[in-house]
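Here the structure is laid out as structure tokens; the discussion comes afterwards.
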Amino acid sequence: MSKPKLDPNAKYAKSHEWVRVEDGLAVVGISDAAQEMLSDVVFVDLPEVGEEVEAGDAVAVVESVKAAEDVYAPVSGTIVAVNTALEDTPEQVNDDPYDAWFFKIRPVSQEELQKELDALMSPEEYAEYVEQEGH
Amino acid sequence: MTFVVNTDADRAEMLAAIGVQQIEDLFHDVPAAHRFPQLDLPPALTEAEVLADLRAMADRNADLEGNVSFLGAGAYHHFIPTLVDFVISRSEFYTSYTPYQPEVSQGTLQALFEYQTMIATLSGMEVSNASHYDGATSTAEGVIMALHLTRHKRTRIVMAPTVHPQYRAVVRTYLQGYDLEFVGEDLPPFDYLDALTELIDDNTACVVVQNPDFLGAIQSPARLQELADAVHAHKALFLVVANPISLGLLTPPGEYGADIYAGEGQATGNALNFGGPYLGLFACRMAHVRKSAGRIVGETVDVEGKRGFVLTLVAREQFIRREKASSNICTNQNLNALACAVYLTALGKQGLRQVAQSCTDNAHYLASRIQELPGYEVLNPGHFFHEFVVRCPEPVSAINDYLLHEKNIVGGYDLGQDYPELGDNVMLLCTTELNTPEQMDRLVEGLRERSEAHGA
Amino acid sequence: MALNINRPEPTLFEKSRPGRRGVRPPVYDVPRADLPQEFLRQDLPLPELAERDVVSHYVRLSRKNYGVDLGFYPLGSCTMKYNPKVNEVAARMRGFVDIHPLQPVETVQGALELMVRLQEMLAEISGFQSVTLQPSAGAHGELTGVLVIRKYLQDIGEGQRDIILIPDSAHGTNPATTSMAGLKAVEIQSDEDGNADLRSLQAVLDKYPGRIAGLMITNPNTLGLFEAHIQEICQMIHDAGGLVYGDGANLNAIMGILRPADVGIDIMHFNLHKTFSTPHGGGGPGAGPVGCVEKLAPYLPGPIPQRQEDGSLDWAMPAKSIGRIRSFWGNFGVLVRAYTYIRMHGAEGLREVSENAVLNANYLMHHVKRTYPVPYGHRTCMHEFVAQGKLPDAPDVHALDIAKRLIDLDNAHPPTIYFPLIVPEALMIEPTETESKETLDQFVADLEQIAQEARTDPELLHEAPHNAPVRRLDEVQAARRPILSYIMELQQQG
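If you're matching them up, the sequences are chains A, B and C in order. Using this note's numbering, the letters of the first sequence map in sequence onto residues 5 to 139. Using this note's numbering, the letters of the second sequence map in sequence onto residues 17 to 472. Using this note's numbering, the letters of the third sequence map in sequence onto residues -3 to 490.
This is the structure we're talking about:
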């Protein structure tokens, strides 16, 4: 298996979500390693806009033919946008996982957000983590 | 006798191959103190003996070949064309398992795909699944789906008093692990729609009605659409229970705003069988299908581009989602769904409509005759399909005893146990296309004799 | 000339022709009752076919199915044994088929008699005090059992107990059932011998004092192994204040060998469609009666038929019942078949069934493990065993490929694959007692041939099946863009 791709501008959770800060919002998707493990993604179940989430909450589900995995919020806040395009073309998650964002979270405050981001892994740390996990 | 194939010689050879002295040695992991208990079972019978034993029990039942029936209440005595049993007796169908290997299960899969198509058509819904255990559990699974769709944030379930009493009981049994509030069941059974609408609030997950309802009454589609609008105004789900035979004639739930359709499929091609096996019909909107329970068959293509069928959307199911699955259901009622599909195909468009029309024609003829009898009163205030409520001059059990012993008639269902507010002596009568005018006249005669004996 | 079974069969809707009629229902001379126009549907687009075409449609479809009657069906955990034909005659007797579930009880005494006798026989086989026949399938029995446990605990003032322990080798229905009953599932690991790990169990018990509602355990477990510490496990759960639910899916290994109640199981379902030979019907109907010990009996769903003092039979609702779990009384037609089977066997016959099921599985395992890895092959298996569809010298070949190639060889249905989840590339094989040594030998030969092909011609396996009504199907497309009815197919075509 080829080495999983990384987005150098993102931080990573142990449950394989990536998060990028864009315009003050936390944008969340699943990593290349995660989509590779799932194989062909067939459906993405997205949260409702307006939902309040805590870091670590299961807020979305990503399904392949043989598996279904929860997607956790890596940071706390309010869901302000969901990528409904994934409902019709879930294959985007396989094709370009760092473009296929799932949802955007407005953080409680930028300080909170920074604290939560600091607890996540850098691309290098995540790469090592994936390798150790044996994926 | 057993159906074991091995001979003593086979066993000896096999034991030698695996290096074990005797069969008992294979069970050394079983706690010795409890190993090989003496079971106190009746002695083994040959095939001829067991058939005689069964025949003796079967003969103690008053079957509906020798008796005329006006009993419905959720299980219906219809004519089942001969080819239905012929098809479900094909052992390629009845001795196969769930179609996990689609390449060698295309028969079952295509038949289910066609079944789903016909149930969706009949109910006016977008998609049907491959069936649940029965109408009651299908209804319960529908309510659970509504809870999932409202993300378990709502705790009120509104059920009409005329949803089959057993279905309501099963919904409550299934959901006893959740902190929910059930309302609506104690409303007056002949006039509940306005009051039911009043009960819907922003905490309501699901509103359940039956049409035709348990008392046979039919509501106008326009009135039900109003109810649906009220349900949707509160972002709740509207679940409609309906007898599939009635849908040969009546406006289907999908056309008056239902989000979920549930029904008992016994009437379409399955024998009474003393209550089972039956099948639960279930259909819903496409947008909700991924939160639904149970198996679903989908169409696809193989590597050569040839059309084929597979179990699909399986990521909802227990074997993948485990504790997060939409339900624990594993098996459907496949052979019963097949019988239902064959029945609908055999009768087809014209046949099903005719069965439904005959059912209602007979019921209205019978009701008009009973209404003329002194001491009896038909209580349904509005339109009804093939069941109606009659107030009798004496307890239902006394009338039914008389009908059975004097007229070979299995009478109606005693409503006293479920609807005490209707007063004493109320009976739910049912006709199907199998009830001849002569049978109905015989029933009327029996009822007249009782009221005369009673001095009415 | 025989019809080629690989030829596509058009759907009913493609065969339909306007105005064609099949079966005509009876119509009698009564006045027509016209319901108001606004109550009636405008259109009823059901198919229109002649009876002759309906019959050939379904007969052709049936030929695209594999069934037990055609041959070996070693589908692990499903107990695909031969379905005796006498069962079908029994269940179709007029006095069983043509009776309404709500008929006065004095007119159905024979039906209640059969049910009571079946309850008594299942209780005797399992050692339980009471049995309800109402649940319609194994998973339905599980829900019944867990709801019974929950209600019992509430009644004795232990309603705070909210955790059900489940071994990681369990069927998915166990955790799904737990959630449905409003309880939480916590997993117990398996040890290196395939048993539930006692240390893992003890750790969880210590972690959740006062919260353990019970344990769900399958024995023999899904690895086909007898849980060697079953008595100790039950004792530990009881000591922690919980109850033990037995998943009876694998009862075929232990009839007359062990009564589950004797080792501490409190409540258990039976799969009549596995152990007691009622046909699987392509996925139902089944039946999942539940038996339990005395203290749980008042909580069973009902009504349950019982003998009265005068010898007659009547319905009775258990005093503290969880309520009804379905409409009417249960899958009666399935109960008739299971009754027939048990009566033909008697105590000795049932023990012979389990003995031969276990012998056949061990014989097969002995030969299969020469070619394929069998992770727990050092132990004696029960009625089934789990091999692995991975061969050291054919790394690109998977369990799926082996299963599909078995279809080509046409001697057997493939085994269960990818379950249990704790064995990678699992091939779960259950031969049952109704197969001959020759059949088992042929299966071994087929698996050996496939192992050889995996090394020399892996593409042959990757592209299998070559000889079936359809080749490998695109399941990804089916799930991404679902076509769930013929109407949707037409819409998709535009």
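For each residue, glycine too, the CB sits at the ideal point set by N, CA and C.
Closer than 7 Å at the C-beta level to chain A, one finds these residues of the region 463 to 484 of chain C: Glu471, Val472, Ala475, Arg476.
Rounded to the nearest whole angstrom, the CA to CA distance from glycine 285 of chain B to valine 100 of chain B is 7 Å.
Looking at the backbone, the Cα of leucine 179 of chain C and that of alanine 89 of chain B are separated by about 34 Å. For glycine 206 of chain C, there are no CB contacts under 6 Å within the same chain when 5 residues up- and downstream are skipped. Residues of the region 42 to 64 of chain A with a C-beta less than 8 Å from any C-beta of chain B: Val46, Phe47, Asp49, Glu52, listed in chain order. Taking 8 Å as the CB threshold, proline 94 of chain A lines the interface with chain C. Under DSSP, glycine 296 of chain B forms a beta bridge with B:His148, B:Glu280. Measuring C-alpha to C-alpha distances from leucine 117 of chain A to each of A:Gly28, A:Tyr16, A:Lys7 identifies A:Gly28 as the nearest. The CB of arginine 311 of chain B never comes closer than 8 Å to any CB in chain A; the least such distance is about 15 Å. Under the rule that a run must span 4 or more residues, the alpha helix (DSSP H) segments found entirely inside the region 376 to 440 of chain C read 395 to 405. Your pair alanine 299 of chain B and isoleucine 160 of chain B does not check out as a contact, with CB atoms roughly 16 Å apart and the cut at 8 Å. A straight-line Cα-Cα distance of about 45 Å links tyrosine 381 of chain B and valine 127 of chain C. Using beta-carbon distances, alanine 107 of chain C counts as an interface residue toward chain B, with a partner under 8 Å.
Annotated three-state conformation of proline 100 of chain C is coil, per DSSP.
Within chain C, no C-beta atom comes less than 9 Å from the C-beta of phenylalanine 230 of chain B; the nearest is roughly 12 Å away. In this structure serine 105 of chain B is exposed. Its beta-carbon is surrounded by fewer than 16 other beta-carbon atoms within 10 angstroms. Neighbourhood of valine 69 of chain A in chain C, by CB distance below 7 Å: Glu471, Val472, Ala475, in chain order.
Here arginine 338 of chain B is buried. Its C-beta has 16 or more other C-beta atoms within 10 Å. Listed in chain order, the non-local C-beta contacts of leucine 351 of chain B below 8 Å within the same chain comprise Ile104, Phe109, Tyr110, Pro293, local neighbours out to five positions each way being set aside. Not a single CB atom of chain A sits nearer than 8 Å to the CB of isoleucine 345 of chain B. Annotation: the continuous alpha helix (DSSP H) that includes histidine 248 of chain B extends over 237 to 249. Alanine 77 of chain A has a beta carbon lying at 8 Å or more from every beta carbon in chain B. Going by beta carbons, glycine 63 of chain C and serine 107 of chain B fall inside the 8 Å limit. Taking the C-beta atoms as reference points, alanine 78 of chain B is found no nearer than 8 Å to leucine 288 of chain B.
As the crow flies, the alpha-carbon of aspartate 75 of chain B is around 24 Å from that of alanine 283 of chain C. Under the three-state reduction of DSSP output, phenylalanine 102 of chain B falls in the helix class. Listed along chain B, no residue sits closer than 7 Å to glycine 72 of chain C by beta-carbon distance, the nearest being about 11 Å off.
Valine 85 of chain C sits away from leucine 292 of chain C, with the two beta carbons spaced by 8 Å or more.
Threonine 376 of chain B and phenylalanine 401 of chain B have their alpha carbons spaced roughly 5 Å apart. Nearest C-alpha to leucine 191 of chain B among C:Leu194, C:Arg320, C:Thr274, C:Val26: C:Arg320. Straight through space, the alpha carbons of alanine 244 of chain B and valine 53 of chain A are spaced by roughly 25 Å. Along the region 111 to 124 of chain B, the positions whose C-beta sits under 9 Å from a C-beta of chain C are Thr111, Ser112, Tyr113, Thr114, Pro115, Tyr116, Gln117, Pro118, Glu119, Val120, Ser121, Gln122, Gly123, Thr124, read in chain order.
Between the alpha carbons of isoleucine 96 of chain B and glycine 264 of chain B lies a distance of about 16 Å.
Non-local beta-carbon contacts of leucine 215 of chain B in its own chain, meaning distances under 6 Å to residues more than five positions away in sequence, involve Val174, Val199, Gly200 in chain order. In its chain, beyond the 5 residues on either side, Pro118, Gln122, Thr316, Val317, Asp318 have a beta carbon closer than 7 Å to the beta carbon of glycine 324 of chain B. The bridge partners DSSP lists for aspartate 49 of chain A are A:Val65.
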